[in-house]
């Protein structure tokens with residue numbers, strides 16, 4: 001159940017008026033409902049939108065561990081927890097092995113990185129590639145990969161150093177996701193003024209992160225502006241195929257069918273699906289109610 005308080009308007013408020021207990025509960029219920037595989041990485045917003053408590057729209061559970069467990073289940077959660085444990089072990093090891101003349105600097109840098117990791121239990125900073133790369137790089141640099149002789153004599157240190165390098169690569173890889181989100185936003189901004197550039201940005205965003213549906217939705221809008229209905233419809237169907245439980249893809253598809261492509265009945269079916277998946281989201285309901293009578 002919900003443990004928050006109630007304000008004067010009757011709206012329920014979570015811990016510190018930030019709804020974190022509500023979102024943590026949603027993530028935990030999502031994990032227990034599908035503990036092995038989860039609901040899909042990056043789909044917390046979809047799980048939250050179907051809660052009946054009611055829902056409070058957000059893209060993150062504001063707790064990295066719970067979000068990973070809800071999104072990827074134990075298959076993704078266990079490697080994530082192992083990686084987090086390795087980061088902490090590397091950081092502690094770096095503090096213990098810090099040279100006497102550099103102990104203060106190493107301590108400050110590593111403690112800052114550890115504080116960043118700890119903040120992931122109450123906020124979404126691990127989702128920000130720029131900050132994550134800095135934290136991973138700090139720990140990896142503090143650990144320092146030794147010489148070949150050192151590696152042979154200290155296999156445990158070698159293993160930790162290799163793990164640090166691997167985690168740094170993961171952090172760098174996350175930059176591509178940030179670039180994808182950034183170019184998707186840019187595509188949306190220039191859509192009306194320059195749909196051709198919007199299409200180029202959207203397709204580039206999709207190349208950076210082929211798992212995300214947002215670049216596909218942006219691509220569909222740009223292609224529709226350019227008069228390419230076939231391409232727009234193909235992009236929307238790919239988005240639906242990628243995340244069939246994402247109501248936003250169905251909402252886009254139904255809206256285009258009903259209001260742009262002259263197929264109101266087919267649009268009604270898609271919008272009904274969006275309405276069902278969203279748990280009766282008001283924005284979807286308003287579009288559905290604007291449909292002409294069947």
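Residue numbers (my numbering): 1 to 294.
Don't be surprised by glycine CBs; every beta carbon is placed ideally from N, CA and C.
Since this is a predicted model, take the numbers as computed values, not measurements.
Would a C-beta distance cut-off of 8 Å place residue 185 and residue 202 closer than the cut-off? no
May I ask you to report which of helix, strand or coil DSSP gives residue 255? helix
Would you check if the distance between the CB atom of residue 277 and the CB atom of residue 266 is smaller than 8 Å? no
Other residues of its chain near residue 63: CB distance less than 8 Å, five sequence neighbours each side excluded: 20, 23, 24, 27, 120, 121, 122
My assumption, with CB atoms under 8 Å, is that residue 76 sits in contact with residue 44. Please give the rounded CB distance. Going by Cβ atoms, the distance from residue 76 to residue 44 rounds to 13 Å, so no, they are not a contact pair.
Answer yes or no: do residue 232 and residue 180 have a C-beta to C-beta separation smaller than 8 Å? no
At least one CB of chain C closer than 8 Å to the CB of residue 20: is that the case? Protein chain content of the structure displayed is limited to a single chain, and chain C is not contained in it.
For residue 37, which three-state DSSP category applies? coil
Taking the alpha helix (DSSP H) that residue 200 falls in, what are its first and last residues? 195–208
So residue 287 is in the alpha helix (DSSP H); what residue range does that whole segment cover? 282–289
For residue 254 and residue 273, the rounded distance between their alpha carbons: 9 Å
Is residue 187 buried or exposed, if buried means 16 or more other CB atoms sit within 10 Å of its CB? buried
What is the rounded straight-line gap between the Cα of residue 252 and the Cα of residue 263? 14 Å
Per DSSP, what kind of secondary structure is residue 120 in: helix, strand or coil? coil
Look up residue 261 in the DSSP assignment and say whether it is helix, strand or coil. coil
Determine the burial state of residue 236: buried for a count of at least 16 other Cβ atoms within 10 Å of its Cβ, exposed for fewer. buried
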